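**Q** Before I ask anything, here is the structure I am working with.
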Amino acid sequence: MASSAIWNTSNSGGPAPVRIEVDEPIILGKWVYYLGVPFITTVLWFVWDYVLKTLLLRRWYEKQGINFVDNCYAVVGAELQVTKLQEENKSHDWLYTDKPTNLYGTLRGLTLQLYTTNAKLCSELVGKTGKQVDRNTPALHSVGRLSPSAIPFQSMHKLRFKDRKANLTKSTRDNKRLFEIVERQANHALDKFSVKDENGSISIDARDLLEYWTRCTSGEFVWGQQNIEGRTITVEQLDGVVRTLPFMDVLNQTFTELRFYSSRFWNRVCFPLASLPLTKEARRLSRNINILRDICTEMMNNPLEGTVASLLQEMNDGQGMPDVYSLDDLITATFAGLDAVKSAVMGCIYHMLNPEHAYWRQALLEEMNKLSDLPGDMDVNVMQAPILTAFMWESLRFEPPGSLINNAAVKDFELNYQGQTYKIKAGTRIVSSIHALHQHEESWRQIAPDMSPLTEFDPNRFLKYGDKLLGSSCFMPFGKGPRRCPGQAAGALMVKTFLKVFVQRDLKNCRVVCPDGQSKDASRFHVYSKATYNLVFDEE
């Protein structure tokens, strides 16, 4: 098949039509060549760089005696199993609790990931942080989109990490102010959500209660009540409806939606997909992120004295840091006090109201009632209360709100354990699995030989061995070493103060009522869980 074209030419200078036949297959063949060769080259490069190299690396580790998760396939890894775990309100680190080896491997999407599950190897990894291993977290493509340059998502050697972490830690140390905010907001939230049900009992949805309380508390502590109160934002929500909502509601909703969006199957397989504008939801989230960042920038320009925002900006400005560093660290400080704190308190109250733990509920009530008789500031007394502290630590051990420390090898190095040397290749994601570590019986018994089994909830292990356990690598709900959470003290004070307020209310016949269809095994309250319960009690 051919097509014709008219070309004007003449020997005498005048126009004369000449028909030239052009073969269409020749033109199509050139286009196929120019487009096809780069496409095929890209596919071959992908197969080599992401598939074959990963499989060869897996074989390298298997030869060293490292087991991999069953049913772990090329490209999709073990994500089919993770999907099933999520339906049971379990996070993906439940895959690694069997601990068949000191290191446990999986193909996490397009990357190879090794998990340490015992204290000795976790301790070695902490010692190599910032040297042979550094931060490499999928969170940069999910919640990190709200504050991409914030220190939790960045290398220790970039963007003035050390100075910024020191400043952020100092700016959140006003425990007296935080205690007053937490206590006042906790009482306000409990009053607001106490609603009678059809049986005449008072019923409170624990998730709704704690979301409201953390939003009010975190927003006031970081930005100041005058900056937060009455500040609204108009955004498009998940159902496609445009609504005007309080600033902290939008921040919390967007933060949570980013986490769950990034947890979808293909976004887990290839982390960067979550941040690309490939879906309507991704584009909606991007618009809402831009609106939130504009509002936070506006509040930064009018900081209230004594707030975290004011203190942090003053220190960062004095050291000549760009405003975006303060902006992103303040956004992160705000949402750090939301879902993780809510999950921790939900877990604590769930265990406290378990009829099998009635002894601990009574012991907590007696300890809290005695605090007012002690000398010193109440925030200090709450932080040092031994039973309250042990109870909180055991709840965080039993189920940490966040359960992984995401790092990757930046150079080849070796890990040594009991005569076994593991050779780790650069580029391998190597992660301390906090959830598995907190269930690692062998590691814990080296410190607490006569403790009860780790499958049991027992604060006694922290009452007896608390200092040793906190100083070890057995227990790290807030991380460890140079990457330890800078808001650890503030987070612990928030949890303890809410528990103090709740316990001292001594609500009559208070009990946990889970929704129909939510089994005991699915009643887990980490940050990826959708489980909830009602607090039901009788009117005095």
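Using the working numbering, you'd call the opening residue of the sequence shown number 1140 and step up by one each time.
All C-beta atoms in this analysis are idealised placements derived from N, C-alpha and C, irrespective of residue type, glycine included.
Quick caveat: nothing in here was measured; it's all calculated off a predicted structure.
Does the contact criterion of 3 or more C-beta pairs under 8 Å hold for the region 1242-1254 versus the region 1560-1572?
**A** They touch, by the three-pair rule.
**Q** Taking only the alpha-carbon atoms, compute the straight-line gap between Met1590 and Glu1505 and give it to the nearest angstrom.
**A** Met1590 and Glu1505: Cα-Cα distance of roughly 24 Å.
**Q** Got a sec: is the Cβ-Cβ distance from Ser1310 to anything in chain B below 8 Å?
**A** Absent here is chain B; the protein component of the structure consists of one chain.
**Q** Whole angstroms are fine: how far does the CA of Leu1349 sit from the CA of Ala1483?
**A** Those two C-alpha atoms are separated by around 10 Å.
**Q** Rounding to the nearest angstrom, what Cα-Cα distance links Leu1377 and Arg1198 in this structure?
**A** Computed Cα separation, rounded: 43 Å.
**Q** Can you tell me where the alpha helix (DSSP H) with Pro1488 in it begins and where it stops?
**A** The amino acid at residue 1488 is misidentified as Pro; the sequence shows Ile. Counting along the chain, the alpha helix (DSSP H) containing Ile1488 begins and ends at 1478-1491.
**Q** Is it buried or exposed for Tyr1667, if we count other Cβ within 10 angstroms and need 16 for buried?
**A** Under this definition Tyr1667 is a buried residue.
**Q** How big is the Cα-Cα spacing for Val1519 and Val1480?
**A** Going by the C-alpha atoms only, they are around 19 Å apart.
**Q** Given 8 Å as the limit, is there contact between the region 1314-1330 and the region 1455-1474, that is, 3 or more CB pairs closer than that?
**A** No: the two stretches stay apart, fewer than three of their Cβ pairs being nearer than 8 Å.
**Q** Between the region 1273-1291 and the region 1538-1553, can you find at least three pairs of beta-carbon atoms closer than 8 Å?
**A** These segments touch.
**Q** Could you say if the region 1601-1621 and the region 1523-1533 meet the contact criterion of at least three C-beta pairs nearer than 8 Å?
**A** As far as the Cβ criterion goes, the region 1601-1621 touches the region 1523-1533, which means the pair count is three or higher.
**Q** Rounded to a whole number of angstroms, what is the C-alpha to C-alpha distance between Arg1423 and Lys1304?
**A** Roughly 31 Å between the two C-alpha positions.
**Q** Closer than 8 Å by C-beta to Gly1515: which residues in its own chain qualify, once you throw out the five before and the five after it? Chain order, please.
**A** None.
**Q** Pick out the complete beta strand (DSSP E) segments inside the region 1293-1347, 3 residues or longer, and give them in chain order.
**A** Runs found: 1341-1344.
**Q** Can you give the Cα-Cα distance for Ile1428 and Ile1586, rounded to whole angstroms?
**A** Whole-angstrom Cα-Cα distance: 46 Å.
**Q** In terms of residue numbering, what span does the alpha helix (DSSP H) encompassing Phe1596 cover?
**A** No alpha helix (DSSP H) contains Phe1596, which DSSP labels as neither H nor E.
**Q** Pick out whichever of Glu1226, Met1438, Pro1598, Lys1509 has its Cα sitting closest to the Cα of His1680.
**A** Absent from the structure is residue 1680, since the part of the chain shown begins at 1140 and ends at 1679.
**Q** Please state the DSSP three-state secondary structure of Pro1291.
**A** If DSSP states are grouped into helix, strand and coil, Pro1291 belongs with the helices.
**Q** Buried or exposed for Phe1404, going by 16 or more other Cβ atoms inside 10 Å?
**A** Phe1404 comes out exposed.
**Q** From what residue to what residue does the beta strand (DSSP E) around Gln1559 run?
**A** It spans 1559-1563 - the beta strand (DSSP E) in which Gln1559 sits, taken as one unbroken run.
**Q** Suppose you measure from the CA of Lys1639 to the CA of Gln1324; what does that come to, to the nearest Å?
**A** If I take the Cα positions, the gap works out to 13 Å.
**Q** Leaving out the 5 sequence neighbours to the left and right, which residues in its chain are closer than 8 Å to Arg1316 when beta-carbon positions are compared?
**A** So the list reads Phe1360, Gly1445, once near-sequence residues are dropped.
**Q** Tell me which residues share the same chain as Leu1646 and place their Cβ nearer than 7 Å to its Cβ, disregarding the 5 neighbours each side in the sequence.
**A** Only Phe1676 meet the Cβ criterion.
**Q** Assign His1296 to buried or exposed, taking buried as 16 or more other Cβ atoms, counted over all protein chains shown, within 10 Å of its Cβ.
**A** With fewer than 16 other Cβ atoms within 10 Å, it is exposed.
**Q** Within 10 Å of its beta-carbon, does Gln1252 have 16 or more other beta-carbons around it, so buried, or fewer, so exposed?
**A** Per the 10 Å Cβ criterion, buried.
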